[in-house]
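Peer 1: Here it is: the structure, laid out below.
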Amino acid sequence: MTLRCLPILLLALLAVPALAQAQPVPGFRLTKQLKIDINGSTYHLEGQVEMEQGSQKFFADVVDYDSTTRLMVATGNVVYTSPETRIAADRLEFNLDTKVGTFQNATGSTYLGEKVDKSFFGTQEPDALFYGEVIQKVGPKRYRITRGGFTSCVQPTPRWELVSSTATVELESYAVLTNTVLKVKGVPMFYLPVLYYPIQSDDRSTGFLLPTYGASVVRGQSISNAFFWAINRSQDATFYHDWFTKRGQGAGAEYRYVAGPSSQGNFTTYYLNEKQATYDTTAGSVTTPAQRNYEVRANVAQVLPAGLRARGNVDYFSSVVTRATFNQNPYDWSSRTRSVRGNIGGTWGRQSASMTYDTTELFYSDTASSLQGGTPRLSYAFAQTRIGQTPLYYSLNAEYVNIARLDREESNNTEVDQGLTRFDVSPTLRVPFNRWPFLTFNSSVSYHTTRYSESYVKDANNRDVQADQPLSRSYWDLRTDIVGPKFTKVWDTPDNGYAEKYKHTIEPTFTVQRLTAFDSYDRIVKLEGYDFTYGGTNRISYGLTNRFTAKRRAGASTARNRDFLTLSLTQSYYSDPRASLYDFGAFPLNFFGREPSNFSPIALAATFSPSEQSSVSTRLDWDDRAGEFQSIRVNGSYGLREWLTVTGGWSQRNIAIFFDRPADKFINTSTTFRTRGNRVGGTYAFYYDLGRSTMMDQRIVGYYNAQCCGVVFEYQQFNYPQFSSFAVPQDRRFNIGVTLAGLGTFSNFLGAFGGNTGQSSGGFGGRSY
């Protein structure tokens, strides 16, 4: 009897879970549960409940579900998963029809894809974590968080987080947080009333960059903000705002586009609304007035139909003093020229034509300037063409230009306009001889005829004045260039550690030129270098170049054949000493007060470049009459693998026209280092005026990149030029920025962190823009 009852009992026990599995919940696939109670349309499940509906999964200890209202209430170790996110909570109320729900005391995570450069944040995957007292799923991929936080640093203890009162997260798009505090390792860093954080899977995301903080003597405390707009794959824009406690605020924008391999453009504008400010100096109290200034920069290249190509460049500012006062970039604060240039041209076979509009204004002080350019400049060229089977080649160049020249002095409201038009035609006949590899001749004959719309005439007091009286100039240019004979010596060095072969080449050069005489040289209004051409003279240029070439061993990091040392020595002889003053192409400083001479300064140029990472170059101009160097320039760079780069330069020039002015002597250097993985790095750079014993500018930039976050700081000390319009003689500036995974800091329009406009440190997806 007992043995016959045992199989019956076993079947009864096995039937209990089978009955539970046989009663499914409509719309769900149950993967695991222990107990289920059904009361009409309501289902009560207890145990290790696992329920699936499409791509959604629900896990809980207890689940109550109404198949009529399609409302689910889950409690106890609740977990909700979808392809994009995972949320754990104490309680969940979820509507299966609307697919919206509310999570209590919940934490969630989402995957951001590969949009962040992992090397910038170590090896940590840049997923996003969020948590809150209440998390509401209000759309297919939208969540609203109340009294919670957000971070893209997925670690047991995140290095940073954004804590906010409310936040809206749109998966694979963005997160908007209000009343936000940034905490780094639990320490509050700064407060943001609103923050737009991108979490797109693309590598370019629209959103706000983290603000940067700064302080300086001139500007006071400052906060810089930027918003990046990824318009599409070939266009983007960045909007800037700077707030200064002492000097007001500024706003700007940058637009970039790429339309093709040779068609791209960059447009930047900045507007500065300065308020009145007062500074205490050793000379007393100084007050700067309220004023408004702006800058516009653009660089465009565009391919057009019919073989045409257009280019444009704008670097324009309304105040040279404001630019030097606020800009931190060495190029910007030292630049005293503003320019507008545009060109359209094309080439068709051997013919080419172009039209150019360009103006450049140089400021000698904050009130005096000189504007010069071509408005417009039309040019035509016919490339050299062989005449039949003869060794002769002919070419033609023509130019028409409306030369603009305007000297201004705002202090007394004076303007001197020397503008005129010039038309020039110059056909050329050339005879090359290059049959011998060690000796070449290139002879040419050109005829130049020029027509000026205005010239100098004598007034009643016998003074030269510019008048509307045309003037023509014609002359012949006969020229022969000789290179060689070359002498070469080769050494085999199989045991040498640097190269297996060395070659030494000695290359002499000669140029003989004759410019025929023309009348009325003193009547020509000389505005451009071509107008200074001095006729009736012979010029002989001679030089010697020594070139040392190394044939590197196979596997060398540089090119196999490398010119590692080049030395050249050149000088010119003029039959008329006055012609030495106008040879600007070879000796640009001749104009500055040098006495006429039959000989030009001796120019020595040397370049030593043993590798791609190391090089030194110099140019020395020795004036034998003065017994001193007219100019000296030395520049060098050294790189040690990827972690150290050093660049520097020294320059000196003596301008004879300024007898009471010391020689210009400057030295500049920049040292940059970075550790492996770019975790720690920095730059120290300075610009020192040796002639006046003044440190013009020195800057220290440093950064530290940890997993998920980083920090960058900058300190700069800058001495202003000796203009009376600068309120203080020196400015000291400090900037700091924070970088988070997927969200970078940036260099503002004024060049913080040593960058140019729009350079980011990290940016969205590690992108610089």
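Residues in the sequence shown are numbered consecutively from 390, following the numbering used here.
Beta carbons are placed, not taken as given, at the ideal position from N, Cα and C, and that holds for glycine.
1. Measure from the alpha carbon of serine 961 to the alpha carbon of each residue in Thr900, Ser909, Leu1009, then state which is nearest.
2. Alpha carbons only, please: which of Gln1106, Tyr580, Ala619, Gln610 is nearest the one belonging to proline 587?
3. Please state the DSSP three-state secondary structure of serine 723.
4. Could you give the distance in angstroms between the alpha-carbon of serine 998 and the alpha-carbon of serine 1026?
5. For proline 780, is the classification buried or exposed, using 16 other Cβ atoms within 10 angstroms of its Cβ as the cut-off for buried?
6. What number of angstroms, rounded off, separates the C-alpha of tyrosine 782 from the C-alpha of isoleucine 871?
7. With a CB to CB cut of under 6 Å and the five nearest residues on each side skipped, what residues in its chain are close to phenylalanine 830?
8. Can you look up leucine 693 in the DSSP assignment and give me helix, strand or coil?
9. Quick check: serine 844 and arginine 797, are their CB atoms within less than 9 Å of each other?
10. Between tyrosine 703 and the rest of its own chain, which residues show a CB-CB distance below 7 Å, the 5 nearest in sequence each way excluded?
11. Is the separation between the beta-carbon of asparagine 950 and that of threonine 938 shorter than 9 Å?
12. Would you say asparagine 682 and tyrosine 660 are within 9 Å of each other, going by their C-beta atoms?
13. Should leucine 481 go down as buried or exposed, given a rule of 16 or more other Cβ atoms within 10 Å for buried?
14. Between threonine 838 and the rest of its own chain, which residues show a CB-CB distance below 8 Å, the 5 nearest in sequence each way excluded?
15. So, with DSSP's three-state summary, where would you put arginine 1081?
16. According to the neighbour-count rule (16 or more other Cβ atoms, all chains shown, within 10 Å of its Cβ), is tyrosine 432 buried or exposed?
17. Inspect the CB distances between the stretch 734-744 and the stretch 765-780 and report whether three or more fall short of 8 Å.
18. Tell me which residues share the same chain as arginine 533 and place their Cβ nearer than 6 Å to its Cβ, disregarding the 5 neighbours each side in the sequence.
19. Could you give the C-beta distance for alanine 626 and tyrosine 602, rounded to a whole number, given that I count them as a contact under 8 Å?
20. For the putative contact between leucine 889 and arginine 936, defined by C-beta atoms under 8 Å, what is the C-beta separation to the nearest angstrom?
21. Using beta-carbon positions only, say whether threonine 1007 and valine 1035 come within less than 9 Å of one another.
22. Here's the rule: buried if 16 or more other CB atoms are within 10 angstroms of the residue's CB, otherwise exposed. What is glutamate 1103?
23. Which same chain residues, not among the five before or five after tyrosine 836, have their C-beta less than 7 Å away from its C-beta?
24. Rounded to the nearest angstrom, what separates glutamine 855 and leucine 916 at their Cα positions?
25. Is the stretch 690-705 in contact with the stretch 664-680, if contact means three or more CB pairs nearer than 8 Å?
26. Have a look at the DSSP bridge pairing and note the partners of proline 821.
27. Measuring alpha carbon to alpha carbon, tell me which of Tyr746, Asp747, Thr726 ends up nearest aspartate 755.
28. Can you tell me where the beta strand (DSSP E) holding threonine 1034 begins and where it ends?
29. Buried or exposed for glutamate 663, going by 16 or more other Cβ atoms inside 10 Å?
30. Just to confirm, is the Cβ distance from serine 759 to arginine 794 under 9 Å?
31. Taking 8 Å as the cut-off, does the stretch 1086-1101 touch the stretch 578-587 (at least 3 CB pairs, one atom from each stretch)?
32. Following a CB-centred definition, is serine 784 positioned closer than 8 Å to any heavy atom of the ligand FAD?
33. Excluding the 5 residues preceding and the 5 following alanine 495 in the sequence, name in chain order all residues of the same chain whose CB lies nearer than 6 Å to its CB.
34. Determine which residues share a DSSP beta bridge with phenylalanine 617 and list them.
35. Pull up the CB-CB distance for phenylalanine 616 and phenylalanine 633, whole angstroms please, since I reckon it's below 8 Å.
36. If you reduce the DSSP assignment to three classes, tell me which class alanine 713 lands in.
Peer 2: Looking at the atomic coordinates:
1. Thr900
2. Ala619
3. helix
4. 9 Å
5. exposed
6. Here the alpha carbons of isoleucine 871 and tyrosine 782 stand approximately 18 Å from one another.
7. Phe822, Ile871.
8. coil
9. no
10. The displayed chain sequence assigns valine, not tyrosine, to residue 703. For valine 703, where only same-chain residues beyond five positions count, the Cβ hits under 7 Å are Val685, Arg686, Ala687, Val729.
11. yes
12. yes
13. Leucine 481 is classed as buried because its beta carbon has at least 16 other beta carbons within 10 Å across all chains shown.
14. Asp813, Val814, Ser815, Ser861, Arg862, Ser863
15. Assigned with DSSP and collapsed to three states, arginine 1081 falls in coil, not helix or strand.
16. buried
17. yes
18. Taken in chain order, the residues that qualify are Gln525, Val527, Thr557.
19. Not really, about 24 Å apart at Cβ, beyond 8 Å.
20. The question names leucine, but residue 889 is glutamate in the sequence shown. Not confirmed; about 18 Å, so no contact.
21. no
22. buried
23. Ser815, Pro816, Trp865
24. 12 Å
25. no
26. Asn831
27. Nearest option by C-alpha distance: Thr726.
28. Element bounds for threonine 1034: 1033-1042.
29. buried
30. yes
31. The stretch 578-587 is not in contact with the stretch 1086-1101.
32. Of the ligands one can find in the structure shown there are none, so the ligand FAD has no counterpart to examine.
33. Ile476, Ala478, Ile524
34. Beta bridge pairing from DSSP links phenylalanine 617 with Gly596, Thr627.
35. Incorrect: roughly 19 Å between the Cβ atoms, too far for contact.
36. helix
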